[in-house]
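Mapping the sequence shown onto the working numbering, position 14 (from 1) lands on 144, and the numbers just tick up by one.
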Amino acid sequence: MTVTNETHDIGLKSWVETANGSETDFPIQNLPFGVFRRHGDDEPFRGGVAIGDQILDMTACAQAGVFDGLAAASAAAASESSLNSFMALGPKHWSALRLAISRLLRTGSPDQAVGEAALVPLYEVEFAVPGAIANFTDFYTSLDHANNGGRLSRRDPPLFPNFKHLPVAYHGRASSISIGGSPCRRPRGQIVLPDAKGPSFEPVRMLDYEMEIGAYVGVGNPKGYPIPLAEADQRLFGLCLLNDWSARDIQGWESQPLGPFLAKSFMTSVSPWIVTMEALAPFRVAAADRGDDAPELLAHLNEASDRASGGLDVTVEVYLSSARMREAGTPPVRRSQGYFRKNYWTVFQMLAHHASNGCNMQTGDLFGSGTVSGPVRDEMGCLMEISERGAAPFELPGGESRTFLEDGDEVIFRGKCERKNFATIGFGECRGRVSPAHPALNS
Ligand code: MN
């Protein structure tokens, strides 16, 4: 497994002063990767690393020749308009570049002047989806999400019989993956209104978010050669925040018997920053307790190292704001807080299971963890659970109430990792504001 090293030392400080405060998501111990350019410029998107309120521009670093060896080759790859070339290089290169960046940004670095010349302020930039994502898969790995959903569907028992045997998933849509901050256009679709005899085609009324963790594959596998679970953590590049926008009214009607299709494919949002698996090393914890009734794991999903440290202690939060709240100057309100360490399956089991039939995973492939949920309302990661499929509205500041998302609502995800004797690191934000449906084609 990825172990901690000098880059995780809580004593490290950066000459970028804003990286040293307790408020930042991006201290020198984090160093997440993204793809950016200055607002309103035609300059190409390129790779960068967040540090405090700045981005260290990988193109500028590569051109200045500030790194050598594996780090230099890695910085050149990380300069491109997607991180795929860099992600394909593998953990030795990822680690070499991380160490070189950490040393460059530390207080007392002899190359501070070169580093300063390679900084771009965060407020000056816009982001792109950081990988060229060929394939997107969405899992369903939170036991509480599965139980809550099963109860809402009045299944008895609420859990499907396969849940504790394998990480359930469906193949999603890669083309509509969008960078956080992009508006989410309310889709139209076939829905069956209460008391209607059949479906109508109209703007959906049950638009929802799903708070998920996304994982980017760095090093794939040849077709026909599964990934052993013990190797999975050397192949994952890093994690992001992921909003699996969902139209529950389309989903309920269309999903029988083959699962989600147009209810999910209109858009999926990812956060701009990928927090690397190496940065997350201090926050590895034991895999979640599977419970006394759990069946024995089959061999491809069973590995002592995964049981011991396959869990990831990431706290995720969902904030909401409405158009009326923003007009009144009311800040976004926290709707829920979830704990990824409680998810029933680890990200490594997800990857190993995905490849277990010989399916070739590719560099830049993305998978979602499924909604990160808990047993109580304030830990639930989607509105379907929180509002009990619309039966239980909740209040927003200023007197509005909600069951599902209204036009103008903004959904903001945040993620954070904390552990004693280590620096707290964050994921930045994944935002999306709902915009009204397009006019109907036939009106
Ligand atoms: Mn999902």
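No residue lacks a Cβ here, since even glycine has one placed at the ideal position from N, Cα and C. Everything numeric in this text was worked out from a predicted model, so none of it was measured.
Report the rounded CA-to-CA distance for residue i versus residue j, giving the unit in angstroms.
i: Cys191; j: Ala247; result: 9 Å
i: Met217; j: Arg414; result: 21 Å
i: Arg233; j: Ala360; result: 30 Å
i: Arg176; j: Glu457; result: 35 Å
i: Thr267; j: Gly302; result: 5 Å
i: Thr137; j: Met336; result: 45 Å
i: Leu372; j: Ser395; result: 14 Å
i: Ile380; j: Ala205; result: 44 Å
i: Arg507; j: Ala521; result: 14 Å
i: Glu340; j: Ser376; result: 7 Å
i: Phe524; j: Met514; result: 12 Å
i: Asp198; j: Thr533; result: 55 Å
i: Gln159; j: Ala553; result: 7 Å
i: Cys485; j: Gly498; result: According to the sequence as given, residue 485 is Ala; it is not Cys. Cα to Cα, the separation comes out at about 15 Å.
i: Leu323; j: Ser330; result: 8 Å
i: Arg563; j: Val259; result: 17 Å
i: Gln242; j: Gly164; result: 22 Å
i: Val349; j: Gln467; result: 32 Å
i: Lys472; j: Pro317; result: 32 Å
i: Arg519; j: Leu496; result: 28 Å
i: Pro358; j: Ala180; result: 32 Å
i: Asp436; j: Ser305; result: 32 Å
i: Ser439; j: Leu229; result: 23 Å
i: Ser211; j: Ala416; result: 36 Å
i: Gly238; j: Glu408; result: 24 Å
i: Arg578; j: Gly245; result: Within the shown structure, residues of the chain are numbered from 131 to 573, placing residue 578 beyond reach of any answer.
i: Pro402; j: Thr154; result: 16 Å
i: Asp443; j: Cys370; result: 14 Å
i: Pro356; j: His430; result: 9 Å
i: Gly151; j: Pro157; result: 8 Å
i: Asn551; j: Cys489; result: 40 Å
i: Glu536; j: Thr271; result: 28 Å
i: Asp405; j: Pro390; result: Here the sequence assigns Val to residue 405, which means Asp is not the residue at that position. Cα to Cα, the separation comes out at about 28 Å.
i: Phe367; j: Cys314; result: 27 Å
i: Gly328; j: Ala570; result: 19 Å
i: Pro221; j: Leu526; result: 45 Å
i: Asp419; j: Gly545; result: 22 Å
Return helix, strand or coil for residue i, following the three-state DSSP convention.
i: Leu481; result: helix
i: Lys222; result: helix
i: Ala434; result: helix
i: Thr137; result: helix
i: His301; result: strand
i: Gln492; result: coil
i: Tyr449; result: strand
i: Asp155; result: coil
i: Glu332; result: strand
i: Ala416; result: coil
i: Thr148; result: helix
i: Asp268; result: strand
i: Phe470; result: helix
i: Leu249; result: strand
i: Arg285; result: coil
i: Gly405; result: A small fix is needed here, since residue 405 is Val in this sequence, not Gly. Strand, per DSSP.
i: Gly280; result: helix
i: Ile263; result: coil
i: Val444; result: coil
i: Val502; result: coil
i: Arg316; result: coil
i: Val244; result: helix
i: Gly382; result: helix
i: Leu427; result: coil
i: Leu273; result: helix
i: Asp363; result: helix
Determine which residues share a DSSP beta bridge with residue i and list them.
i: Met341; result: Asn373
i: Ala399; result: Inspection of the sequence shows that residue 399 is occupied by Ser rather than by Ala. Ser399 pairs with Ser308, Asn373.
i: Pro387; result: Paired residue(s): none; Pro387 is not in a bridge.
i: Phe166; result: Arg176, Phe257
i: Val349; result: Partner(s): none; Val349 has no beta bridge.
i: Ile357; result: Answer by DSSP bridge pairing: none, since Ile357 is not bridged.
i: Ile321; result: Ser330
i: Gly368; result: Tyr346, Thr406
i: Arg464; result: Tyr449
i: Phe497; result: Thr267, Ala345
Please go through the stretch 168-242 and give each complete alpha helix (DSSP H) segment of 4 or more residues, from N-terminal end onward.
-> DSSP runs (the alpha helix (DSSP H)) wholly in the stretch 168-242: 188-194, 199-207, 214-219, 221-235.
Complete runs of the alpha helix (DSSP H) confined to the stretch 508-566 [at least 4 residues] = Counting whole runs of 4 or more residues, the stretch 508-566 contains the alpha helix (DSSP H) stretches 513-516.
Can you list every residue whose CB sits closer than 6 Å to some heavy atom of the ligand MN, going in chain order?
-> Working through the chain, the matches are Asp268, Glu340, Glu342, Asp374, Gly498, Gly500, Thr501.
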